[in-house]
Amino acid sequence: MPLPQAARFGEYALKGLNAGLREIGQAPEQRQARRLTRKIKRRDPSGPRVLFLTPRSWAYHVQVEMLLATALRLRGAEVEVVTCGGGLEVCDRANSWEAPPMPCRSCRTYVDRSVEAFGLDPDPLLGREPPPAWPELDEIGALDLHRVVDDAGTPLGELVDIPTRWFLLSASRDSDPLGPLTTRRFLRSARATAEAMRSTLDRKRPDKLVLLNGLFFFESIARRLATERGIDVITYERGFRPETLVFRRGLPASHYEISPYWQRWKDEPLTVEQQAELDAYLLHRRRKGHPIFDFWKDAVSADLGGSEHGRTVCLFTNVTWDSAVLGREGAFGSIQQWLDAAIDHMKGHPEDRLIVRVHPAEAKMSGKITRESLGTYLQHAWASLPSNVTVIAADDLTSSYDLMEAADVGLVLTSTVGLEMALLDKPVVVAGETHYRGKGFTTDVDNPGDFGRAIEAALADPAALDRDVEAARRYAYTFFFRASIPFPLVSEPVPGLATLRVKDPAALAEGVDPWLDVICDGILNGGDFLGVATC
1 MPLPQAARFG EYALKGLNAG LREIGQAPEQ RQARRLTRKI KRRDPSGPRV
51 LFLTPRSWAY HVQVEMLLAT ALRLRGAEVE VVTCGGGLEV CDRANSWEAP
101 PMPCRSCRTY VDRSVEAFGL DPDPLLGREP PPAWPELDEI GALDLHRVVD
151 DAGTPLGELV DIPTRWFLLS ASRDSDPLGP LTTRRFLRSA RATAEAMRST
201 LDRKRPDKLV LLNGLFFFES IARRLATERG IDVITYERGF RPETLVFRRG
251 LPASHYEISP YWQRWKDEPL TVEQQAELDA YLLHRRRKGH PIFDFWKDAV
301 SADLGGSEHG RTVCLFTNVT WDSAVLGREG AFGSIQQWLD AAIDHMKGHP
351 EDRLIVRVHP AEAKMSGKIT RESLGTYLQH AWASLPSNVT VIAADDLTSS
401 YDLMEAADVG LVLTSTVGLE MALLDKPVVV AGETHYRGKG FTTDVDNPGD
451 FGRAIEAALA DPAALDRDVE AARRYAYTFF FRASIPFPLV SEPVPGLATL
501 RVKDPAALAE GVDPWLDVIC DGILNGGDFL GVATC
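Note that this note's numbering gives residue 373 to position 373 of the sequence shown, counting from 1, and the numbers run on in steps of one.
Below, the structure is given as structure tokens:
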């Protein structure tokens with residue numbers, strides 16, 4: 001298990017203090033919510049019935065959802081909140097470094113008291129008893145667990161696939177020693193959750209269901225069952241820019257699919273102001289990186305050695321269990337197969353070189369250190385790497401941005417690095433199903449043969465591959481700005497803690513914050529979650 005980091009002892013102390021305050025319902029954000037709620041004038045609901053699914057104590061998301069619930073109530077919506085209630089064997093509130101046992105009591109306490117602080121009644125899906133036994137499940141072989149359905153025909157094996165891998169911090173569920181045991185636990189938990197969710201949806205009959213991400217454990221089940229019932233499902237996720245959110249209707253927000261928006265603006269040149277705004281943000285990404293996890297804080301310039309090689313090909317990996325990758329490997333069955341194919345092709349070109357940049361998140365994402373390192377995989381799969389292949393480990397401080405600039409061509413599965421390289425006017429070969437695929441500025445492959453041919457073409461003449469830096473810039477502006485809605489009402493000063501910035505409920509009223517109006521219109525009236533972003 002990863003050890004505590006001395007540099008973060010102050011953060012640990014703050015979290016410990018906050019954990020104690022949560023136990024008595026006195027966390028700062030809960031006290032602020034009560035002050036806010038006391039100032040709200042009640043009104044009888046006259047609008048759509050909106051159900052929020054708020055099942056776990058991820059503080060930032062709990063506070064975002066409750067502020068949105070409050071804003072919708074101020075606009076006349078009838079709002080209810082469904083929580084978990086606890087008692088499951090396993091869920092994705094924690095991961096395999098932390099659980100089981102699951103932190104049900106502290107999780108339930110924080111969620112329920114936060115919901116109550118906003119003047120709403122938490123309605124638990126489950127009791128506090130574990131799900132009933134399912135002896136037939138033990139008769140099913142490990143390789144067939146993904147096919148399991150419940151008595152109502154709900155494909156539980158399919159729905160728990162991503163949550164199970166996320167919990168394991170490993171995509172190789174079938175070969176992971178914890179895989180079969182963990183999958184069965186998730187299936188038993190999913191059967192109980194699906195049964196309770198059916199009952200809840202049929203009893204409450206909401207017009208709208210609002211939930212996080214769309215692919216997590218509770219959310220994947222709820223989205224499936226709500227869609228079957230014709231309920232309008234709205235998913236949301238954090239945007240790539242700090243303090244922004246993205247919303248999608250009926251689809252997982254975590255895929256960041258913006259093709260309808262892109263069709264609207266793909267031929268519209270950026271203004272001078274928009275160009276400057278995009279450049280400033282890209283510079284911020286280079287210096288800061290991820291809006292939550294600071295992977296680049298201590299990055300150093302890349303030392304790529306001499307120029308004895310011809311072409312430089314840089315491959316950028318993903319974290320294997322990221323929901324942006326799972327099920328979206330595209331041309332390959334797995335990220336490992338993609339890696340092997342790239343090395344195999346480069347082995348036949350000793351005059352050129354391949355640099356494999358293992359994603360820093362494998363080693364730097366606090367609380368989620370991967371159990372399936374691609375760096376370790378390469379050490380085992382390739383006892384002796386070809387001399388023209390260099391692997392930069394996850395904990396290496398080399399700047400990935402220096403590698404992008406040094407590369408003649410980039411290889412990506414679904415990483416946003418592919419978009420960033422296209423913005424540098426670099427040719428990029430995309431093997432996975434990522435949001436910027438098929439937009440006209442990358443070379444997209446559908447199978448291993450296409451991948452090999454694309455590498456061969458790149459080595460012969462990188463300029464022959466698809467590139468269109470202006471289209472890439474228009475897409476990037478649409479992706480980072482137009483499709484992301486500013487939401488500064490909740491912040492996360494420390495990962496895992498949340499701060500409410502709203503002091504007066506008038507700030508949530510209709511007509512005050514145009515971006516909040518866009519969100520509420522999208523939820524209540526079927527808006528496109530663009531609104532003032534169309535300018």
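The C-beta atom is built at its ideal place from N, Cα and C for all residues, glycine as well.
Tell me which same chain residues have a C-beta within less than 7 Å of the C-beta of residue i, skipping the five on either side of it?
i: TYR281; result: ARG241, PHE480
i: ARG113; result: GLY25, GLN30
i: PRO124; result: THR83, CYS84, GLY85
i: PRO448; result: ALA331, PHE332, ALA341
So what does residue i bridge to, in DSSP terms?
i: TYR236; result: LEU212, PHE247
i: ASP150; result: Partner(s): none; ASP150 has no beta bridge.
i: LEU537; result: Shown here, the chain extends from 1 to 535; a query on residue 537 therefore has no answer.
i: SER491; result: THR499
i: ASP123; result: VAL82
i: PRO28; result: DSSP, once it has assigned bridges, lists no residue as partnering PRO28.
i: VAL325; result: VAL325 is not bridged to any residue.
i: ARG42; result: In DSSP, ARG42 forms no bridge with anything.
With a threshold of 16 other CB atoms inside 10 Å of the CB of residue i, please say whether the residue is buried or exposed.
i: GLU470; result: exposed
i: PHE9; result: exposed
i: ARG128; result: exposed
i: GLY16; result: exposed
i: TYR12; result: exposed
i: VAL64; result: buried
i: ARG353; result: buried
i: THR443; result: buried
i: SER415; result: buried
i: CYS535; result: Any reading at CYS535 must be qualified, since the residue scores a pLDDT of 41, below 50, and its modelled position is unreliable; the value itself is stated next. Exposed is the call here.
i: LYS41; result: exposed
i: LEU283; result: exposed
i: LEU251; result: exposed
i: LEU516; result: buried
i: VAL259; result: Residue identity differs from the one stated: residue 259 is Ser in this sequence, not Val. Exposed.
In this structure, how does DSSP classify residue i when only helix, strand and coil are distinguished?
i: PHE52; result: strand
i: VAL445; result: coil
i: VAL111; result: helix
i: PRO260; result: helix
i: ARG184; result: helix
i: GLU78; result: strand
i: PRO103; result: coil
i: PRO462; result: helix
i: THR320; result: coil
i: ILE485; result: strand
i: THR390; result: strand
i: LEU169; result: coil
i: TRP296; result: For TRP296, the predicted structure reports a pLDDT of 47, less than 50, and the residue's modelled location is therefore unreliable. A value from the coordinates is still provided. Note: TRP296 maps to coil in three-state DSSP.
i: LEU68; result: helix
i: LEU354; result: strand
i: THR398; result: strand
i: TYR477; result: helix
i: ARG191; result: helix
i: CYS520; result: helix
i: TRP338; result: helix
i: PHE529; result: coil
i: GLU420; result: helix
i: TRP515; result: helix
i: ALA222; result: helix
i: ASN18; result: helix
i: PRO206; result: coil
Give me, in chain order, the residues of the same chain whose beta-carbon lies closer than 8 Å to that of residue i; leave out the 5 immediate sequence neighbours on both sides.
i: VAL319; result: VAL325, HIS359, ALA361, GLU362, MET365, THR370
i: ALA171; result: ARG165, THR320, TRP321, VAL325, LEU326, SER334, ILE335, GLU372
i: ASP161; result: HIS146, ARG173, LEU326, GLY327
i: LEU74; result: ILE40, ARG43, PRO505, LEU508, ALA509, GLU510
i: ILE485; result: GLY239, THR244, LEU245, VAL246, PHE247, TRP515, VAL518, ILE519, PHE529, ALA533
Could you name the residues of the same chain whose beta carbon sits closer than 6 Å to that of residue i, not counting the 5 residues immediately before and after it, in chain order?
i: ASP521; result: GLY527
i: SER387; result: none
i: ALA69; result: PHE52, VAL79
i: VAL445; result: ALA331, ALA431, PHE451, ALA454
i: GLU433; result: ARG328, GLY330
i: ALA192; result: PRO131
i: PRO180; result: ALA142
Q) Is it true that the segment 379 to 392 meets the segment 493 to 510, where meeting means three or more beta-carbon pairs spaced less than 8 Å apart? A) no
Q.
Check whether the segment 94 to 108 and the segment 146 to 155 are in contact - that is, three or more C-beta pairs closer than 8 Å.
A. no
Q | Touching by the beta-carbon criterion (3+ pairs, under 8 Å), the segment 130 to 143 and the segment 103 to 121 | A | no
Q) Is there contact between the segment 456 to 467 and the segment 497 to 515, where contact requires at least three CB pairs shorter than 8 Å? A) no
(Q) Contact between the segment 204 to 215 and the segment 231 to 239 is defined here as three or more beta-carbon pairs at a separation below 8 Å; is this criterion met? (A) yes
Q.
Could you check whether the segment 266 to 286 touches the segment 472 to 479, counting it as contact only if at least three pairs of C-beta atoms, one from each stretch, sit closer than 8 Å?
A. yes
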